[in-house]
Amino acid sequence: DQQVKQNSPSLSVQEGRISILNCDYTNSMFDYFLWYKKYPAEGPTFLISISSIKDKNEDGRFTVFLNKSAKHLSLHIVPSQPGDSAVYFCAASEDDMRFGAGTRLTVKP
Amino acid sequence: NAGVTQTPKFQVLKTGQSMTLQCAQDMNHNSMYWYRQDPGMGLRLIYYSASEGTTDKGEVPNGYNVSRLNKREFSLRLESAAPSQTSVYFCASTIQTTLSPIGYTFGSGTRLTVV
C-alpha cells in the first residue's frame, strides 16, 4: 500500500524552463513533507521541506506547494539547469517516513 | 569527509549466505536508519534506531536484524539471504530522536545482489 505516489517516472525539460514534479499522498495524518534529490551512485540528499500547516515554502530556485484538500504536493524548479538532472523523491512523515517511487528529471541544454 | 559511511559498496551473495552491512556516522547524530530502494517502490524503512541502545522495526523488517553498536555505528544483518533481498541499501542518520525527516543524511548505498 503506497501512501506516497509519484505517478510520473520521468520528466524532461529544456534548460531555463520550469520543472514541475508532482506527488500525491493518501494519509491525511502526515504532518511533514519533503523532497530529496538523488544522483547516480550517491545517497539521497535533502532538498526542501514543508510543514502541513503551510501551503508554500521557497528556497532559491526551488518551491514546494502543498494542497492538503487535494492531498497533493509539487516541487517547482525555476529556472531549470542541467545540474538539476537527478531522481527526485517525495516523502511524507507522521510516525514514520514514507517515500514515493521517484521521478527522474532530465534538463536538456 | 564528515557524513555517513557504508561498507561494502557492492556485494554478491548466494542464496542462504549471511552478511552484515556496516554503517557509521561521525556527525554525533542520535538516530540512524536502514532503507532499501527497489525499482518502482521508492525507499522503504527496514529498521531504525532512535537513540543508542534502542532499535525498532520499520515497514519491511522481515529477514533482517540490526545492531546499534554505539552512537556511531548501526549494522544490518541478513542471516539467510534470499533473492527478494536483492536491492540497494541506504543507511541514514539525523540529530533528531523522532522519525522526522528533517536533516537526514544518507550514505552512498550498498548494492546487494542475491543469486
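Respectively, the protein sequence lines represent chains A and B.
The opening position of the first sequence corresponds to residue 104 in my numbering, with each subsequent residue numbered one higher.
The opening position of the second sequence corresponds to residue 2 in my numbering, with each subsequent residue numbered one higher.
All C-beta atoms in this analysis are idealised placements derived from N, C-alpha and C, irrespective of residue type, glycine included.
All values derive from a computational prediction rather than experimental measurement.
Scanning its chain for C-beta atoms nearer than 8 Å, with the 5 sequence neighbours on each side dropped, one finds around S19 of chain B the residues R78, L79, E80, S81 and A82, in chain order. At a cut-off of 8 Å between beta-carbon atoms, M33 of chain B makes no contact with chain A.
Contact between D162 of chain A and I151 of chain A holds: their C-beta atoms lie close to 5 Å from each other, under 8 Å. Taking C-beta atoms as the reference points, P9 of chain B and T111 of chain B count as a pair closer than 8 Å. Taking 8 Å as the upper bound on Cβ-Cβ separation, chain A lies near residues G59 and E60 of the region 56-71 of chain B. In chain order, K140 place their CB closer than 6 Å to the CB of T148 of chain A, counting only its own chain and leaving out the 5 sequence neighbours on each side. Sorting A:M200, A:V210 and A:S188 by C-alpha distance to the C-alpha of Y105 of chain B places A:M200 at the top.
Of B:K72, B:D57 and B:T87, the smallest CA-CA separation from K15 of chain B is found for B:T87. Under the Cβ distance rule, M42 of chain B counts among the residues neighbouring chain A, one pair being separated by less than 8 Å.
Residues of chain B with a Cβ closer than 9 Å to the Cβ of E161 of chain A do not exist; the shortest Cβ-Cβ separation is about 17 Å.
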